[in-house]
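To start, the structure under review is shown below, and the notes come after it.
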Amino acid sequence: MPVLARRQARPQSWEPRPKPAVLTARSRSPRGGNVSRQPTSLLSRISQLPLWVIACLAFLPCALHTPGWADAAAPASSSSSSLLTVDGPIGPAYADYIERGIAQAAARGSRLLVLQIDTPGGLDTSMRLIVRAILAAPLPVACYVAPSGARAASAGTYILYACHIASMAPGTNIGAATPVQIGTGPDPPGSAPPGDASPGADKPDADKPAQEKQGQHSAMENKAINDAAAYLRGLAQLRGRNAVWAEAAVRQSVSLSAEDALAAKVVDIVARDVPALLAQAHGRTVSVRGQPWRLDSAGLVLAATPPDWRTRLLATITNPSVALILLSVGVYGLLFEFMSPGAVLPGVAGAICLLLGLYGLQLLPINYSGLALILFGLACMLAEAFLPSFGVIGFGGVIAFVIGALLLLDSEAPGFGLPLGLVAGIGFVAALLVVGTAQVALRTRRRPRPGALGALESGIGEMLSDAPGKDAREGWANVGGETWQVAAEAPLKRGERVRVLGRRGRVLLVAPLEQGSHPPANGH
């Protein structure tokens, strides 16, 4: 232990070591000046945040990835079934919830996992994660669309087709599995599909650019639709369900009620509740990882596992609207902390909101150009407080923020859109804050500091530029650590030391130091 040996070899001294002098925002400099008047850089203000705050914020993303309840030891039970509930858009939160739920059910030795869903759809990436988890599950998974009035639309259709048992409650529906991407949507009223005859079909080459653009747009749509149709058709063939209707659900967005789905062999069971589902599933044989599995679901004990705090938190922050609000609140919290160092609470809350917003966005299929515009806009609005441009930088940031928010998402999946009203509202509030910041900067520039006039009178300064003299206001000087516009009767050179004779508005009347005299009577 060489380090320990060196420490022991040092002569011990009991004399107290002098503490280094630290000048805080309220302490005085050796010359008696107030340190708080000195300009503080942005980096120095960031460094004022407590280290424990920075450590906590750095640990926050790791906390959201801590091992879930699937890792905890659970008593094995051969006579139980697990119940997971999905109620809302399919996103990263529910993908994580279902993956952990399957692992927990396998660890508990459950005979069957029941996945009760009610969803309008969701993200393609999250849906495919769920489908892969179901296909690789070591136990049978029964999808149950419930309660009455629920639906398994869009992404929910794929999840239901992937499960070993597909069931629905009376009064539910399934279908409308056409993928929705940015730029897609219904044709405007009066428009005709590509290739159809229309009154403007005989127009000359003026319409060619529009037709080419529409053709490229249709090609991208067809590519996504063909991929989704093949994916759902493969799941139907794997589970022995109606592949023809599956392809129609993708290409034509058709839907079926529970009874019609049972008649069309889209689902296996129509049950009024989970116990009825377990009773009807008893004795059926399904394929689990390529091996036959005979279901023994009679008398199973139902163990429900509702979404925990982690799933609810992820579902909240992965909502694009919430993530955008968190970004805005986070930046403004940091802005208030930098403008008023020592408050701590706005800085801590702002940093937490900012990190949560960024974490939520990185889980979504976002357009990184839009995210870059948002961050650039927030940086411009933040810079407006430190580099006052009287609104120029700030309003540029507001414009960049709004444009970035409109371009942020690559998908228009149900539940993952950004309302225009929200974007407009955040932009309006940001514009008001920029106006307020500009007004404060303007008033601060016009208002002299308390006690500054007395220090300026008969003060000494240094010329920063040449001045032609003849009382022309074309020179600038550094007086009292500030830059002032100056006027003098005699020509002045850059670097020449001057004495302040008086003040006329925002212009200082100066003279060369060797020629300085008493201030004139009308100096103000």
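In our numbering, the protein residues as written are 918 to 1441.
Just so you know, even glycine gets a beta-carbon here, dropped at the ideal spot from N, CA and C.
All of these numbers come straight from a predicted model, not from anything done at the bench.
_Could you compute how far the alpha carbon of Asn-1159 sits from the alpha carbon of Ile-1186?_
14 Å
*asked:* If distances are taken between C-alpha atoms only, which option among Gly-1073, Pro-1057, Gln-1402 and Asp-1004 comes closest to Asp-1041?
replied: Between Asp-1041 and the set Gly-1073, Pro-1057, Gln-1402 and Asp-1004, the nearest pair of CA atoms involves Gly-1073.
*Is the beta carbon of Gly-1308 less than 8 Å from the beta carbon of Ala-1355?*
yes
*With respect to the beta strand (DSSP E) encompassing Ala-1482, which residues constitute its N-terminal and C-terminal limits?*
The shown model of the chain, from 918 to 1441, leaves out residue 1482, and the question about it has no answer.
*For the beta strand (DSSP E) holding Val-1205, just list the boundary residues, first then last.*
1202-1205
_Thr-1202 classed as buried or exposed, judged by whether at least 16 other C-beta atoms fall within 10 angstroms_ = exposed
_Let me check one thing: in DSSP terms, what residues is Ala-1289 bridge-paired to?_
Per DSSP, none; premise fails for Ala-1289.
_Which same chain residues end up closer than 6 Å to Leu-1152 when comparing Cβ atoms and leaving out the 5 residues on each side of it in sequence?_
Tyr-1078 and Ala-1079
*Can we say the stretch 1174-1189 touches the stretch 1079-1092, given the rule of at least three CB pairs closer than 8 Å?*
At 8 Å Cβ cutoff, the stretches touch.
*Would you call the stretch 1228-1240 and the stretch 1254-1265 in contact, with 3 or more CB pairs under 8 Å?*
Short answer: they don't touch.
*asked:* In this structure, how does DSSP classify Val-1265 when only helix, strand and coil are distinguished?
replied: helix
_Beta-carbon proximity check, Ser-998 vs Leu-1217, cutoff 8 Å_ = yes
*So what does DSSP say about Asp-1225, is it helix, strand or coil?*
DSSP, reduced to helix, strand and coil, places Asp-1225 outside both helices and strands of the structure shown, so it counts as coil.
*Under the three-state reduction of DSSP, which class applies to Ala-1094: helix, strand or coil?*
coil
*Validate contact between the stretch 1005-1023 and the stretch 1036-1054 using beta carbons, cut 8 Å, 3 pairs*: Of all C-beta pairs linking the stretch 1005-1023 to the stretch 1036-1054, three or more are shorter than 8 Å, placing the two stretches in contact.
*asked:* How far does the beta strand (DSSP E) with Glu-1391 in it extend, from its first residue to its last?
replied: Where Glu-1391 is concerned, there is no enclosing beta strand (DSSP E), given that its DSSP letter is neither H nor E.
*With a Cβ-Cβ cutoff of 8 Å, do Val-1415 and Leu-1409 count as a contact?*
yes
*asked:* To the nearest angstrom, how far is the alpha carbon of Leu-1219 from that of Leu-1335?
replied: 38 Å
*Pull up the DSSP beta-bridge partners for Cys-1060, would you.*
Leu-1032 and Ala-1083
*Quick one: any contact between the stretch 1240-1259 and the stretch 1020-1036, if contact means 3 or more CB pairs under 8 Å?*
no
*asked:* Does the CB of Phe-1293 have a neighbour CB from chain D at under 8 Å?
replied: Absent from the structure: chain D. Only one protein chain is present.
*Is the distance from the Cβ of Gly-1412 to the Cβ of Val-1403 below 8 Å?*
Contact flag unset, no.
*List the whole-angstrom C-beta distance separating Ile-1291 from Phe-1318, where the pair is believed to meet the contact cut-off of C-beta under 8 Å.*
Here Ile-1291 really is in contact with Phe-1318; their C-beta atoms are around 6 Å apart, less than 8 Å.
_Coil, strand or helix - Pro-1429 by DSSP_ = strand
_Option in Cys-1060, Arg-1028, Leu-1056 and Met-1044 with minimal Cα separation from Leu-1001_ = Looking from the CA of Leu-1001, the closest CA among Cys-1060, Arg-1028, Leu-1056 and Met-1044 belongs to Cys-1060.
_If you follow the alpha helix (DSSP H) that Leu-1316 is in, where does it begin and where does it stop?_
A quick correction: the sequence has Ile, not Leu, at residue 1316. Its alpha helix (DSSP H) spans residues 1309-1323.
*asked:* Out of Ala-1094, Glu-1406 and Ser-1071, which one is the CA nearest neighbour of Ala-1428?
replied: Glu-1406
*Give the range of the alpha helix (DSSP H) segment to which Arg-1017 is assigned.*
Its alpha helix (DSSP H) spans residues 1009-1025.
*Report the residue ranges of all beta strand (DSSP E) runs contained in full by the stretch 1145-1179; include only those spanning at least 3 residues, in chain order.*
1172-1174
*Going by the C-beta, is Trp-1393 closer than 7 Å to any heavy atom of the ligand ATP?*
The model on display carries no ligand, and the ligand ATP is accordingly not part of it.
*Among residues of its own chain, excluding the 5 on either side of Ser-1172, which ones have a beta-carbon nearer than 7 Å to its beta-carbon?*
Taken in chain order, the residues that qualify are Asn-1090, Ile-1091, Gly-1092 and Ala-1093.
*Between Ser-1170, Ser-1306, Glu-1016 and Arg-1028, which lies nearest to Ser-1214 when the distance is taken from Cα to Cα?*
Measuring from the Cα of Ser-1214, the nearest candidate turns out to be Arg-1028.
_Three-state secondary structure assigned by DSSP to Val-1352_ = Looking at Val-1352 - three-state DSSP - the assignment turns out to be helix.
_Using the Cβ count rule (16 or more neighbours within 10 Å means buried), how would you classify Tyr-1249?_
buried
*Which one of Val-1346, Gly-1386, Gly-1344 and Cys-1270 has the shortest CA to CA distance from Thr-1235?*
Comparing alpha carbon positions, the residue from Val-1346, Gly-1386, Gly-1344 and Cys-1270 closest to Thr-1235 is Cys-1270.
*asked:* Between the alpha carbons of Trp-1401 and Val-1424, how many angstroms are there, rounded?
replied: When rounded, the distance between both Cα atoms is 7 Å.
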